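UniProt numbering puts the first residue of the sequence shown at 1, with every later residue one more than the last. Working notes, structure below.
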Amino acid sequence: MASMAKVYLVGAGPGDPDLLTRKALRLLEQADVILHDRLVSDGILALASPRARLIDVGKQQGQQEEIQSEIYTWILRLGRSARTIVRLKSGDPMVFGRGGEELEFLARHGIDAEVVPGLSSALAAPALAGIPVTYRGVAASFSVIAGHRQSLTTLDWSVYQGVDTLIILMGVEYRDIIAHTLIEQGRPASQPVAFLENASTSRERVVESTLELVARRQVEVKAPAVMVIGEVVRHRTAVRRAMLQEAVA
């Protein structure tokens, strides 16, 4: 389908425009159309070409499938008149961003596509908060898990018992159930937990607690937030202090 536009699945990173890749920035400046997710920051959208058409295709809870169908319709419709379409996704398009599904759709319709990776909040948020996901002698493994409702019923949470650090995305709403499940599977109730709200933005906030308190619904957190579980959270204070000293120097 030679007359169709090329579609770029671009990762926008965690929110700070300075964390965009150079290729992502170049495509924002060149795009005719940008179909962006709800969590893409205003600062990043401001980098788009003035002539680009920006379309918010963010998904609200309970509307995921309907909106995804609309995204496909937009691509097919606009692809006949635009040359470059950027499908802009928060974080990385291939990490819980349905990037694989969208690539398969584009391939079925003969539309040329390319993936531009972004910095996933799964790793960026802990790093910015001073939490190492691995730490010699403390944590040699980590897993990234989707914390939405479906995962609560389909995942075998016992397989994560031996994983040192757990990083939960999209898990704020069900944080108490997740914490309770992990305790049932054998993780210590006293194990530290950190919630990293709005990572890399001016609204960034870190909330530290334990699995027990989270399971008791005693921890107030607002989405979007990354949930980090493991002994590495205890090292945040020392690492953060070193980061601040380096910044001053």
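Glycine included, every Cβ here is placed at the ideal spot set by N, Cα and C. Remember, it's a predicted structure, so these values are computed and weren't measured experimentally.
Quiz item: Under three-state DSSP, which class holds residue 109?
Solution: Position 109 of the sequence shown, counted from the first residue, corresponds to residue 109. Of the three classes helix, strand and coil, the one that applies to residue 109 here is coil, per DSSP.
Quiz item: Got a sec? Which residues, its chain only, sit under 8 Å from residue 103 by beta carbon, not counting five neighbours each side?
Solution: By 1-based counting over the sequence shown, the position of residue 103 is 103. 9, 113, 115.
Quiz item: Roughly how far, in whole angstroms, is the beta-carbon of residue 32 from the beta-carbon of residue 52, given that I think they are within contact range, below 8 Å?
Solution: Taking the sequence shown and counting its residues from 1, one reaches residue 32 at position 32. Taking the sequence shown and counting its residues from 1, one reaches residue 52 at position 52. Rounded to the nearest angstrom, the Cβ distance from residue 32 to residue 52 is 6 Å, consistent with a contact under 8 Å.
Practice problem: Could you pull the start and end residues of the beta strand (DSSP E) that residue 192 belongs to? | Solution: For this step, residue 192 is matched to residue 192 along the sequence shown. 192 to 197 is the span of the beta strand (DSSP E), which, as asked, contains residue 192.
Practice problem: Using the Cα positions of residue 84 and residue 46, report the straight-line distance between them to the nearest angstrom. | Solution: Translated into positions along the sequence shown, residue 84 becomes position 84. Translated into positions along the sequence shown, residue 46 becomes position 46. If you take the alpha carbons of residue 84 and residue 46, they lie about 18 Å apart.
Quiz item: Mind checking whether the beta-carbon of residue 229 lies closer than 8 Å to any heavy atom of the ligand ATP?
Solution: Annotation note on the ligand ATP: not contained in the displayed structure, which lists no ligands.
Self-check item: Cβ-Cβ distance between residue 124 and residue 19 below 9 Å
Solution: On the sequence shown, position 124 is the one that residue 124 refers to. On the sequence shown, position 19 is the one that residue 19 refers to. Closer than 9 Å, so yes.
Self-check item: Whole-angstrom distance between residue 188 and residue 222, CA atom to CA atom
Solution: In the sequence shown, residue 222 corresponds to position 222, counting from 1. In the sequence shown, residue 188 corresponds to position 188, counting from 1. Taking the straight line joining both Cα atoms gives about 24 Å.
Self-check item: Cβ-Cβ separation, residue 219 to residue 211 (assumed contact under 8 Å), whole Å
Solution: One-based indexing of the sequence shown puts residue 211 at position 211. One-based indexing of the sequence shown puts residue 219 at position 219. With a Cβ gap of about 10 Å, residue 211 and residue 219 do not count as contacting.
Quiz item: Around the Cβ of residue 1, are there at least 16 other Cβ atoms within 10 angstroms (buried) or fewer (exposed)?
Solution: The residue you call residue 1 lines up with position 1 of the sequence shown. Because residue 1 sits at a pLDDT of 43, beneath the cut-off of 50, its placement in the model cannot be relied upon, and the following sentence gives the value as read from the coordinates. Residue 1 is exposed by the Cβ-count criterion.
Quiz prompt | Outcome for residue 190 when other beta-carbon atoms lying within 10 angstroms are tallied against a minimum of 16 | solution = Locating residue 190 in the sequence shown gives position 190, counting from the first residue. Classification for residue 190: exposed.
Quiz prompt | CA nearest to the CA of residue 100, picked from 80, 68, 231 | solution = As a working mapping, residue 100 is identified with position 100 in the sequence shown. Comparing Cα-Cα distances from residue 100 to each of 80, 68, 231, the minimum goes to 68.
Quiz item: By DSSP, does residue 248 sit in helix, in strand, or in coil?
Solution: By 1-based counting over the sequence shown, the position of residue 248 is 248. For residue 248, the pLDDT reaches just 48, beneath the cut-off of 50, and the residue's location in the model is therefore unreliable, although a value from the coordinates is still provided. Residue 248: helix per DSSP, three-state reduction.
Quiz item: What residue does the beta strand (DSSP E) around residue 221 start on, and which one ends it?
Solution: Residue 221 sits at position 221 when you count from the first residue of the sequence shown. Run containing residue 221: none; DSSP gives neither H nor E here.
Practice problem: Buried or exposed for residue 156, please, with buried defined as at least 16 other CB atoms from any protein chain shown within 10 angstroms of its CB. | Solution: The residue labelled residue 156 in the question sits at position 156 within the sequence shown. The residue is exposed, with fewer than 16 neighbouring Cβ atoms inside 10 Å.
Practice problem: For the beta strand (DSSP E) containing residue 36, list its first residue and its last residue. | Solution: Working through the sequence shown from its first residue, we reach residue 36 at position 36. Unbroken beta strand (DSSP E) run through residue 36: 33 to 36.
Quiz item: Do residue 6 and residue 40 have their C-beta atoms within less than 9 Å of each other?
Solution: Translated into the one-based positions of the sequence shown, residue 6 becomes position 6. Translated into the one-based positions of the sequence shown, residue 40 becomes position 40. No.
Self-check item: Own chain residues within Cβ distance below 8 Å of residue 55, not counting five before or after
Solution: Taking the first residue of the sequence shown as position 1, residue 55 is located at position 55. Cβ within range, chain order: 33, 34, 35, 36, 74.
Quiz prompt | Residue nearest to residue 129 in terms of C-alpha spacing, selected from 237, 71, 11, 15 | solution = Counted from its first residue, the sequence shown places residue 129 at position 129. Per the Cα distances, 237.
Exercise. Mark residue 203 as exposed unless 16 or more other C-beta atoms lie within 10 angstroms of its C-beta, in which case mark it buried.
Key: As a first step, residue 203 must be located in the sequence shown, where it is residue number 203. The residue in question, residue 203, is exposed, as its Cβ has fewer than 16 Cβ neighbours within 10 Å.
Practice problem: Name the residue from 38, 65, 86 whose alpha carbon lies nearest to the alpha carbon of residue 28. | Solution: Within the sequence shown, numbered from 1, the residue matching residue 28 stands at position 28. Among 38, 65, 86, the Cα nearest to that of residue 28 is on 86.
Quiz item: If you drop the 5 nearest sequence neighbours on each side, which residues of the same chain put their C-beta closer than 8 Å to that of residue 71?
Solution: Sequence index remark: in the sequence shown, residue 71 carries index 71 (1-based). Closer than 8 Å at the Cβ level, and outside the excluded window around residue 71, lie 35, 57, 87, 102.
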